[in-house]
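A.B. asks: Take a look at this one; I'll ask things after.
Residue numbers (full-length UniProt numbering): 1 to 907.
So, in structure tokens, the structure goes:
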């Protein structure tokens, strides 16, 4: 038989089947006896029941499949949601307010809205929260107990399943329904009336499910019938023999008849899925809280500030937001073993003025979700009353505001002209505006508010006496707002005679110019009016005229800004406007001899050595295209120093010697040197390119008495480098504290960056002071970097090139002698350990311990290594890390907590 014959046969067969099904619902049984060759059996042998439908909508080039299958084994969870929800029962129509608020009436109303008056218990709690806006635990638990217990106590109204997972509303207290419900958990809903005639409307009967490419969902028979529509709809019906009844043990048992190897594979997949769900659930419900510890804060300048540092005062805690506030409080109690008394948790926020407390968290039974605590929330831990003996006001009403307060102050010479002084002040939001005068100790004055938000700009308005009693918030002031204060006794009043509003303060758009030309004149200082677009040249010429100086100074003078410390800054070019020169109104300028640098010149400060005292810098003007070598020569000539054993370094932002200017043939412009920079003349020649000049120090721990424990005690400790650095003891220090550090300068070693660490040790051993120590080989030396005058980073792997350590040009190395040679690897951790003597408050001498972290870098592995090193039982030892800069010990056991101290950037 050919393929087209088979297709024709199938077409005829299905056409006959379809003709026989006309007028049926599809749920009815069909008799296939007329289509069978052997039809001598009983009619029941030919009865078939519909159990699956496949429908395809679309054309031959594309479409969408739907499979509808009957759940004959009752394996699915059939909970169909109505597309059009029934109208809510209006609780206001109940008899009285007491009945409305009673949980019995509310739960009955919710169940009446549900299909067949039944619902899972957990969904009942969610429906209650959605309907009344508050959870059962928060509103009714205290009076009526848990929800399931309440339902059990009212069994005449509510019927729970045997596992208490589903609840149904009883109608007229049907005892028969209740007995049937409790007798057979699989047939608990058989007493419910059918929803609509047709296919499997009873809940106890198998239901239909719709399976497509994206999801599985329940579907009613009438909805399936609607799918048999349209020209591009093709379907296939699947029937099963009606006498093929499933055994009772297969009912609601998805594991029935499945081979063991498939069950094992399924169980493993389910376990993996549950693990992933748990991990995902934990990640989605985990929040990080920033705990601010009250005892480590003090109230200062209107807000809370750390006593020591932000690092010491803030702890990070990772917590599950599904847990309650009581659980959070208990976790913090366990963390803070030192805490005594009551503990109050409050939500705080960092504002420009500092830390402020907004809301106290109450109700230990509430979860973090219910309290709406967000990820990254700041929690202040305190006693709820005071911090450092100061009563703390909380809430948004008293939120601290950081204001810029400007006031006119008489100059130091006692002149009538005024100078604007700007200073930050903090005030509570609910304080009266008039408190600004009290803070500045001004008995009576006028307050101006800058509505434009820019000091010196347009929009300044004076506050009337009546508005002085309004709060800062009522006046619309916020963080960063500017307030101008003027004494009412000042002749330079900013108010008109009629005391009307003024819209600008152009009267203070002026600059002070001081005579620093070393030429006598009648005036030492004048006030020059200007705007932001005034040229510096015009201000200089006008100052020369008002100072009554010689006209010749017009060709040989310049203006230099004066900072708060009285230091003269870089001259300002005449072609600049005040805005381009970044000069603020009210600034002070000095009229000095000499021309300002041109656009292709640089004005530089320079000094000898790295210890620069204020006011000792020298000045020079050079071309920006000059080389570093020629600039060094000019500076040496101007300072009167001879010789070529010098080099230049640029002063960094913390006023220390920075990296050397190694490219001596490069121009200052190429090295991004700008006017106003400070260069330092440092003694000593720079090494050739690719070489390092490394200062070498001798390092060995001191004993409790402060003396070194080796041959260096008898060594002459004076040298050109500065002799010995020692960490001093404080009086009364305990002898069990770690020994101080002593560093002895030996000399400098010039070495290639490609040389290995072992070669650096070998060259250091050739230094004259080194010969007296008697070190056998480089392997008996341990190399450290010097940081803050003490050993810093340990340099491992003797064969590694120095370039790979990324030491930099300013590196210094200290060498520590060893009793025996060692070769540390990249995974080796060097620990300096001391054992406390039992029964005493002293420690045995320090011993070095090498711990290979590659075998397990955990706290438990470290404890085991320390126990093995000292031949002690691991369960009977406690270890802690010492922080010498903070004088603190951190127990290693606390590393197992989820709490860690982290350094944070200040906001």
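Idealized CB from N, CA, C, for every residue including glycine.
Count the other C-beta atoms from every protein chain shown that fall within 10 angstroms of the C-beta of residue 888, then say buried if there are 16 or more, exposed otherwise.
C.D. replies: Exposed is the call here.
A.B. asks: Might you give, ordered along the chain, the residues of its own chain that have their beta carbon closer than 6 angstroms to the beta carbon of residue 590, omitting 5 neighbours on each side?
C.D. replies: Here the set comprises 514, 516, 560, 562 and 568.
A.B. asks: Below 8 angstroms on the Cβ atoms is my contact criterion, and I expect residue 364 with residue 206 to pass it. Report the Cβ-Cβ distance as a whole number of Å.
C.D. replies: 48 angstroms between Cβ atoms; not a contact.
A.B. asks: Counting only runs of 3+ residues fully inside the segment 752-819, write out the beta strand (DSSP E) ranges in chain order.
C.D. replies: As far as the segment 752-819 is concerned, its whole beta strand (DSSP E) runs of at least 3 residues are 781-787, 790-795 and 813-817.
A.B. asks: Unbroken alpha helix (DSSP H) runs of length 4 or more, entirely within the segment 819-902: which are they?
C.D. replies: Those alpha helix (DSSP H) runs which fall completely within the segment 819-902 and span 4+ residues are 859-870.
A.B. asks: Is it buried or exposed for residue 255, if we count other Cβ within 10 angstroms and need 16 for buried?
C.D. replies: Exposed, because fewer than 16 other Cβ atoms sit within 10 Å of the Cβ of residue 255.
A.B. asks: Who are the near neighbours of residue 169 in its chain, counting only those whose CB is closer than 6 angstroms to its CB and skipping five residues on each side?
C.D. replies: Only 111 and 117 meet the Cβ criterion.
A.B. asks: Considering residue 52, what are the terminal residues of the beta strand (DSSP E) in which it resides?
C.D. replies: Per DSSP, residue 52 belongs to the beta strand (DSSP E) from 47-59.
A.B. asks: At the level of alpha carbons, what is the spacing between residue 672 and residue 810?
C.D. replies: Rounded to the nearest angstrom, the two C-alpha atoms are 20 angstroms apart.
A.B. asks: Assuming residue 298 and residue 387 are in contact, meaning their beta carbons sit under 8 angstroms apart, how far apart are those beta carbons, in whole angstroms?
C.D. replies: Contact holds; Cβ gap of about 7 angstroms.
A.B. asks: Pull up the CB-CB distance for residue 426 and residue 400, whole angstroms please, since I reckon it's below 8 angstroms.
C.D. replies: Contact holds; Cβ gap of about 5 angstroms.
A.B. asks: Can you grab the Cα-Cα spacing for the pair residue 627 / residue 648, in whole Å?
C.D. replies: So the two alpha carbons sit approximately 12 angstroms from each other.
A.B. asks: Alpha carbons only, please: which of 337, 277, 109 and 328 is nearest the one belonging to residue 346?
C.D. replies: For residue 346, the nearest C-alpha among the options comes from 328.
A.B. asks: Would the beta-carbon of residue 357 fall within 8 angstroms of that of residue 380?
C.D. replies: Closer than 8 angstroms, so yes.
A.B. asks: When you compare the CB positions of residue 421 and residue 406, do they come within less than 8 angstroms of one another, or not?
C.D. replies: It is a contact, given that the beta carbons lie within the stated cut-off.
A.B. asks: With the cut-off set at 8 angstroms, would you say residue 166 and residue 120 are in Cβ contact?
C.D. replies: Result yes, Cβ atoms of residue 166 and residue 120 sit closer than 8 angstroms.
A.B. asks: Which residues in the same chain have their Cβ closer than 8 angstroms to the Cβ of residue 778, if we skip the five residues on either side of it in sequence?
C.D. replies: Counting only Cβ-Cβ distances below 8 angstroms, and skipping sequence neighbours, we find 758, 761, 762, 765 and 798.
A.B. asks: Give the range of the beta strand (DSSP E) segment to which residue 285 is assigned.
C.D. replies: Here residue 285 belongs to no beta strand (DSSP E), and DSSP marks it neither H nor E.
A.B. asks: Would you tell me roughly how many angstroms separate the C-alpha atoms of residue 156 and residue 143, rounded to the nearest one?
C.D. replies: When rounded, the distance between both Cα atoms is 20 angstroms.
A.B. asks: Smallest Cα separation from residue 660: which of 693, 675 and 640?
C.D. replies: The shortest Cα separation from residue 660 among 693, 675 and 640 belongs to 693.
A.B. asks: What number of angstroms, rounded off, separates the C-alpha of residue 76 from the C-alpha of residue 122?
C.D. replies: Taking the straight line joining both Cα atoms gives about 19 angstroms.
A.B. asks: Using the rule of at least 16 other Cβ atoms within 10 Å of the residue's Cβ for burial, across every protein chain shown, is residue 865 buried or exposed?
C.D. replies: Residue 865 should be labelled buried.
A.B. asks: Give every residue of the same chain whose Cβ lies closer than 6 angstroms to the Cβ of residue 234, excluding the five residues on either side of it in the sequence, and list them in chain order.
C.D. replies: Here the set comprises 56.
A.B. asks: Span of the alpha helix (DSSP H) holding residue 333?
C.D. replies: Where residue 333 is concerned, the enclosing alpha helix (DSSP H) stretches over 325-335.
A.B. asks: Does the segment 779-789 come close enough to the segment 672-682 that 3 or more CB-CB pairs lie under 8 angstroms?
C.D. replies: Taking 8 angstroms as the limit for Cβ pairs, the verdict is that the segment 779-789 does not touch the segment 672-682.
A.B. asks: Considering only their Cβ atoms, is the gap separating residue 447 from residue 390 smaller than 8 angstroms?
C.D. replies: No; because the gap between Cβ atoms is not below 8 angstroms, this pair is not in contact.
A.B. asks: Does the Cβ of residue 133 have 16 or more other Cβ atoms within 10 Å, making it buried, or fewer, making it exposed?
C.D. replies: Its Cβ having fewer than 16 others within 10 Å, residue 133 is exposed.
A.B. asks: Applying the 10 Å Cβ sphere with the 16-neighbour rule, what's the burial state of residue 396?
C.D. replies: Per the 10 Å Cβ criterion, exposed.
A.B. asks: Using the three-state DSSP reduction, which class does residue 471 fall into: helix, strand or coil?
C.D. replies: Residue 471 falls in the strand class under three-state DSSP.
A.B. asks: Roughly how many angstroms lie between the CA atoms of residue 891 and residue 881, to the nearest whole one?
C.D. replies: Going from the Cα of residue 891 to the Cα of residue 881 covers about 6 angstroms.
A.B. asks: Along the chain, where does the alpha helix (DSSP H) that runs through residue 360 open and close?
C.D. replies: Run containing residue 360: none in the alpha helix (DSSP H); it sits in the beta strand (DSSP E), 354-360.
A.B. asks: I'd like the ranges of any alpha helix (DSSP H) spanning at least 4 consecutive residues and lying wholly in the segment 583-627.
C.D. replies: Fully enclosed alpha helix (DSSP H) runs of 4 or longer: not present.
A.B. asks: Along the chain, where does the beta strand (DSSP E) containing residue 683 start, and where does it finish?
C.D. replies: Residues 678-683.
A.B. asks: By the three-class DSSP mapping on this structure, what secondary structure does residue 294 have?
C.D. replies: DSSP places residue 294 in helix when its eight states are reduced to three.
A.B. asks: For residue 567, report the span of its alpha helix (DSSP H) as first-last.
C.D. replies: Unbroken run through residue 567: none, as it is neither H nor E.
A.B. asks: State buried or exposed for residue 573, treating a residue as buried only when at least 16 other CB atoms are found within 10 Å of its CB.
C.D. replies: With 16 or more other Cβ atoms within 10 Å, it is buried.
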